[in-house]
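Anchor point for the sequence shown: position 36 equals 35 in numbering that gives the first Met the number 0, and the numbering is continuous, going up by one each time.
All C-beta atoms, glycine included, are put in the ideal place defined by N, C-alpha and C.
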Amino acid sequence: MNHVKPCSQTLAGQAAEGLIYLPQPMDHRRLAFPDRMAGMEITPGLGIDLVKIGDQRSRVEARIGPPYHGPGGRRAVYTTSPTLVITYAADETVELVEIRYSGEGGDTEVHYGGVQLTHRFLDDVVADLHALGHTSTPSDIGHDFHVGFSVWSMHSLWAGDLDPEADEDDERAVSETVSVAPYDYFTGG
């Protein structure tokens, strides 16, 4: 049985009111607020606690509610913080979990093994992961890690968003999104 609760959220600078569908039973200790997922930790090649590769769309939506963009489509965007973008296979199972930066820093960002993956300079993220022994291959927009995730930037953020001393010509990329799937997904293998 689902419970419906009112919520308000700001998206792209616009305040919005809506409803959040909460499945029962819900562990309120893990999700103190339905629209905020504190301590977002990935499991390489599998996903996150709420959504894992191979989960059925119906089960995902029972846990986090319907998407606000792309309902029933191959890619669906969910009202969570940070934002989740799920890619579904033809059989309605999850094949890719993407977690966007929250922009709030710290515990609200995506992490793996004690490393903050989003809302940091991409080169720093990659260096920290390599120092822990993780290997990767560069892609056009980031790095694909062999353990089963990718960190990347579409340059919607710029260095000045993280470093007030950055000048307009600063080309350091900011890690904006983490994609989780088996490594073969990223290489087309």
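Glu40 has His110 as its beta-bridge partners, per DSSP.
For Glu108, the closest C-alpha among the options Tyr182, Val177, Pro181, Asp123 is that of Val177. According to the DSSP assignment, Ile98 belongs to the beta strand (DSSP E) that extends over 93–99. Judged by DSSP in its simplified three-state form, His129 adopts helix. No residue range can be given for Ser80, since it is assigned to no alpha helix (DSSP H) and is classified by DSSP as neither H nor E. For Tyr182, the three-state secondary structure derived from DSSP is helix. When Cβ pairs closer than 8 angstroms are counted between the two stretches, the segment 137–157 is seen not to touch the segment 55–72, the count staying below three. In the displayed model, Val173 falls within a strand according to three-state DSSP. By the neighbour-count criterion, in which 16 or more other beta carbons inside 10 Å mark a residue as buried, His68 falls on the exposed side. Sequence-distant Cβ neighbours of Glu40 in its own chain, meaning closer than 6 angstroms and more than five residues away, are His110. With 16 or more neighbouring CB atoms inside 10 Å of its own CB, Ala75 falls in the buried class.
With a cutoff of 8 angstroms on beta-carbon distance, Ala180 and Gly147 are scored as near each other. Fewer than three beta-carbon pairs drawn from the segment 83–93 and the segment 157–170 are found closer than 8 angstroms, and the two stretches are therefore not classed as touching. Looking at the DSSP output, Thr134 bridges to nothing. In the three-state reduction of the DSSP assignment, Ser155 falls in the coil class, being assigned neither a helical nor a strand state.
Secondary structure note for Gly141: its beta strand (DSSP E) is the uninterrupted segment 141–144.
By the CB criterion at 8 angstroms, Leu83 and Glu103 fall outside the cutoff.
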